[in-house]
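Numbering (the working numbering), first residue to last: 3 to 747. Okay, structure first, notes after.
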């Protein structure tokens, strides 16, 4: 039974703010390195240059197979193994339920707050009265890549995401709730996976099995998928989003658990939506799981219909790459403003809010009134909040097309653009709306609001898609403007997000039109290919902009010119298997390392031998327990087990573990010895020093490692050359060591 790899991981990382390389190495001075000879390559004097890429920790996805873990696993009974598996599926169920309820709560709040606001405005117009912080997806993506950025999944972050998203969408900003919902689902999963929050005294001891990075990573992946499923009511699309965009590591068991979670979300939403159809939820309750149903549209296309599809794909790729380029420059400008303090953040948000209101309520005054079409099934002009025909300032029997798009919720505006009526909106109306949404979508993302990009991108893409449909007119009668709008939305999504499979399935689940599948696939592939010529996807750009050390799924070409030992930083700090307490304390206080090799030499072994790797956090717990000996004596597992259990070394919530500053030792205790063998990972991943750096990088990412030991090619010297961490694979570090190399653009 392959359950041991998923059981209790004893990883516990220290939450200091620093990189995994000691600054003492920069000065070239050696701290005491017991029983290890120093090995340096020809670039040792440059070893630290460029290594300080980002002051964040990495996550311990690897199972720490030390003697404590092995003893704990051997002692487990079948009922405890069953309890672990049962609890993991139960948590997947709870993640789906909680995320589904949060998504439903968001929908109710947005529809009612925004709906009543727009309804009041519409009534005032009819009465001729006068009317007047990122999505979180890049952070979740980085976390699932192994980056432990500070507080990105904290309870306070969850609270801000939920209510900030509701406020932002309801206020009429050009943003979506799907990005914050992904972050919300991940926060819920993290909170459940770590057994609650010790900071807020909300902990559950029966969830102690999941106090490790590997299990928490699986649950957060489920949470991210559940967030997409809740935002778009697209359970299969949520699974594919997690697979294609969010997760860096996948396996079949995780696929089933994620699918189960999103299915629960769909069931919860369907049940609650059916409940709301009776009018018990205010203005919410329209429709079902399908948000933008275009299944009634006639879909029949031939070879000549592929020409406008190709055009839309190219347009989407160009507009998408331009959007990413402008957004990158804009976010860098916003960061300068936001760094000046909260007052400037609020002023920036207020300025964008004022601009959005001016566009929504000012531009329709410039639009002409259009006579209501004949033989309509719905009232014209629209009575109530939602609808295609807003009267605004028009006489009876007429409607204002631009007001019908602006004075609606974003979801209703998308429904209007996807409608099948050919001449419902004039070309100037659609063009004005496209330019406004494109600009406002750029300006809004990055202000101090939880905001998603999917909805603004769909709105802008549907606008120019409908423009192409209007321009072609009756020359291609098989595809109506609503279907062109759908293809335009797909092309813009492909050009900005660079996702294909997940976006395709999400759009199919949103629109309930399977006949459009071939055209959607084609337009997504074309737009992504065109956009990739100019720049990277929007979330990849934001991850890089934030300085997060994200490991790509491919190795850069220049890495093939280097060996693993070429980027090892020195000097190497390590311990003997039975080490003096003072040496351990001194090394921990003087360095920022989080992993140390443990080497035995005579008389502990016949020849120098690498026992394994020990984590800083485990050392701090061991020192705090003060299990010391007077002489250099080994401690058996039976004696060690009476003082410590595997749970003592489990990961603390949100990385808030013990620090070396929390350990107080007397002078006598500093002269005593401590046995490190019970907490040493005796089977760390290793590579030979001559291995290609590109090959080592792929191994590091695919296995989700935090430390990778570099071993000597020839025996006889020190048993270990050095340790590679995430920062050693960053382009900044490598180019700092070898300036003649050029990264791939």
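The C-beta atom is built at its ideal place from N, Cα and C for all residues, glycine as well. Bear in mind the structure is a predicted one, so any value in this text is a computation, not a measurement.
Helix, strand or coil at residue i [DSSP, three-state]
i	result
residue 320	helix
residue 531	helix
residue 158	helix
residue 179	coil
residue 295	coil
residue 63	coil
residue 651	helix
residue 639	helix
residue 713	strand
residue 612	strand
residue 449	coil
residue 694	strand
residue 786	For the chain, the structure presents residues 3 to 747; residue 786 sits outside this window and is missing.
residue 678	coil
residue 138	coil
residue 741	coil
residue 83	helix
residue 147	helix
residue 597	strand
residue 724	strand
With 16 other Cβ atoms within 10 Å as the buried cut-off, status of residue i
i	result
residue 731	buried
residue 345	exposed
residue 535	exposed
residue 425	exposed
residue 639	exposed
residue 104	buried
residue 500	buried
residue 343	exposed
residue 361	buried
residue 97	buried
residue 381	exposed
residue 276	exposed
residue 618	buried
residue 664	exposed
residue 260	buried
residue 274	buried
residue 578	buried
residue 742	exposed
residue 556	exposed
Beta-carbon separation (whole angstroms), residue i vs residue j, contact threshold 8 Å
i	j	result
residue 159	residue 189	6 Å
residue 626	residue 215	Rounded, the Cβ-Cβ distance is 21 Å, inconsistent with contact.
residue 490	residue 517	The pair is not a contact, with the Cβ atoms about 17 Å apart (cut-off 8 Å).
residue 744	residue 553	Not really, about 20 Å apart at Cβ, beyond 8 Å.
residue 61	residue 148	5 Å
residue 431	residue 404	5 Å
residue 495	residue 459	6 Å
residue 264	residue 227	5 Å
residue 171	residue 248	About 22 Å separates the two Cβ atoms, so there is no contact after all.
residue 322	residue 498	4 Å
residue 109	residue 164	Actually they do not touch by this definition, with Cβ atoms about 12 Å apart.
residue 138	residue 452	7 Å
residue 680	residue 69	5 Å
Same chain, Cβ closer than 7 Å to residue i, neighbours up to 5 away in sequence not counted
i	result
residue 43	Because residue 43 carries a pLDDT of 35, less than 50, the predicted location of this residue cannot be relied on, and no value is offered for it.
residue 429	469 and 472
residue 329	444, 447 and 540
residue 294	416, 417, 420, 512 and 513
residue 527	502
residue 406	390, 391, 392 and 418
residue 213	196, 197, 652 and 653
Neighbourhood of residue i by C-beta distance below 8 Å, restricted to the same chain and skipping five residues each side
i	result
residue 630	583, 671, 674, 675 and 676
residue 615	597, 598, 599, 600, 682, 683, 686, 709, 711 and 725
residue 336	350, 448 and 449
residue 251	63, 146, 219, 704 and 706
Cβ-based neighbour list, residue i, same chain, cut-off 6 Å, excluding 5 preceding and 5 following
i	result
residue 440	462
residue 457	178 and 412
residue 544	140
residue 507	238, 239 and 242
residue 693	566
Within-8 Å CB hit, residue i to chain D
i	result
residue 310	Among the protein chains of the structure shown there is no chain D, as only one such chain exists.
Proximity test, residue i beta-carbon vs the ligand PLP heavy atom, cut-off 7 Å
i	result
residue 587	Summarising the ligand content, the structure contains no ligands, and the ligand PLP is consequently not present.
Worksheet item: Can you list the alpha helix (DSSP H) stretches of 4 or more residues lying completely in the stretch 507-594, in chain order?
Response: 519-534, 540-547 and 583-592
Fill in: Start-end ranges of the beta strand (DSSP E) lying completely within the stretch 359-439, minimum 3 residues
371-373 and 400-402
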